[in-house]
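In this note's numbering, the protein residues as written are 1494 to 1806.
All C-beta atoms in this analysis are idealised placements derived from N, C-alpha and C, irrespective of residue type, glycine included.
To start, the structure itself, in structure tokens.
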């Protein structure tokens, strides 16, 4: 079981976990426990899971965002919010509503207990009740491309206001393919509440915005890449990432858009984009379960249950 305790300061959360873990290891012959910072637990989750029955992670409750909610939701069984940070409990619950993690405020009495035995007795009762509740509270266990009904496309090296893309949007609209467009960011990618339905969302940005440490989050949602000639060098430096995650890409030519649009060759450009979207629609979801070690975590031993606690000093 994995437990995360989050707070704005690390000292009190570390002390709380230390007391609880010490009590478990010294007085509960049926359980083994460990504690570490949230970064350490994420990096070595499977190693911890193979060695301990309960793993406590401590860190900031404000480290949970829409774009990384899947990591927390898939790893932690329970997330405890420190009583001083109770005002964030509702926000964290909203971020994790589609995952089986239980989010609760840690009782002030429990959090303030200096007696490890007393604290563990109360905590154990809470965990049993919350573990039973986990099975009922969430309809989903993951969010990925197979559960999305729409396509999400990263457009590299262009802007939505360019003549090339205005013509592409017009072309798709004539085919009754509804589109939306935005500037790319991880927050926009995950925390997006559309006003109207759409079939394709285009996110415009530069390939240089994509960093290796965040690419697993990008790969979980982006279905394909459309790449301009100006982004081919950056694509080359990141091509292995796309290949690892089996994400298709297609080059488009906006280098002389005004001239191209007036020529018959622009029909080929429009059809090239359309064919790319149609092929993605057929295969979307295929890569949602791809797991790449170098992007996801550093050690991959056998996993056990995890809990997440959060508090504030």
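The beta-carbon separation of residue 1499 and residue 1530, rounded to 11 Å, does not stay under the 8 Å limit for a contact.
Counting along the chain, the unbroken alpha helix (DSSP H) around residue 1681 starts and ends at 1679-1683. For residue 1598, the three-state secondary structure derived from DSSP is strand. The segment 1572-1581 makes contact with the segment 1593-1603; the number of CB pairs closer than 8 Å reaches 3 or more. According to DSSP, residue 1644 shares a beta bridge with 1693. For residue 1701, same chain residues with a beta-carbon under 6 Å away, outside a window of 5 residues either side, are 1727 in chain order. The shortest C-alpha to C-alpha distance from residue 1567 to any of 1535, 1573, 1583 is the one to 1535. Along the segment 1548-1621, the beta strand (DSSP E) occurs as fully enclosed runs of 3 or more residues at 1569-1574, 1595-1598, listed in sequence order. By a beta-carbon distance limit of 8 Å, residue 1643 contacts residue 1693. Their separation comes to about 7 Å.
Residue 1745 sits in coil when the DSSP states are folded into three classes, being neither helix nor strand. Shortest Cα-Cα distance from residue 1660 to any of 1540, 1699, 1766 involves 1766. The continuous alpha helix (DSSP H) containing residue 1533 extends over residues 1531-1536. Each residue's CA atom was taken as its position, placing residue 1754 and residue 1650 some 18 Å apart. Your pair residue 1695 and residue 1674 checks out as a contact, with CB atoms roughly 5 Å apart and the cut at 8 Å.
Under the three-state reduction of DSSP, residue 1675 is assigned to strand. Secondary structure of residue 1527 (DSSP, three-state): strand. The beta-carbon separation of residue 1734 and residue 1708, rounded to 5 Å, stays under the 8 Å limit for a contact.
Nearest neighbour of residue 1736 by Cα position, chosen from 1718, 1752, 1746, turns out to be 1718. Secondary structure within the segment 1687-1732: the alpha helix (DSSP H) runs of 4 or more consecutive residues, fully enclosed, are 1708-1714 (chain order).
It is roughly 15 Å from the alpha-carbon of residue 1672 to the alpha-carbon of residue 1716.
Counting every other CB atom within 10 Å of its CB across the protein chains shown gives residue 1611 a total below 16, marking it as exposed. Counting along the chain, residue 1661 sits inside the alpha helix (DSSP H) bounded by residues 1656-1667. Exclusion of the five residues before and after residue 1516 leaves 1609, 1610, 1612, 1613 as the residues of its chain whose Cβ lies within less than 8 Å of its Cβ. For residue 1770, the closest of 1586, 1679, 1741, 1505 by C-alpha to C-alpha distance is 1741.
Counting along the chain, the unbroken beta strand (DSSP E) around residue 1496 starts and ends at 1495-1499.
Its chain contains 1661, 1664 as the residues whose beta carbon lies nearer than 7 Å to that of residue 1763, once the 5 sequence neighbours on both sides are disregarded; these appear in chain order.
Take residue 1723, set aside five residues on each side of it, and the residues of its chain with a beta-carbon closer than 6 Å to its own are 1650, in chain order.
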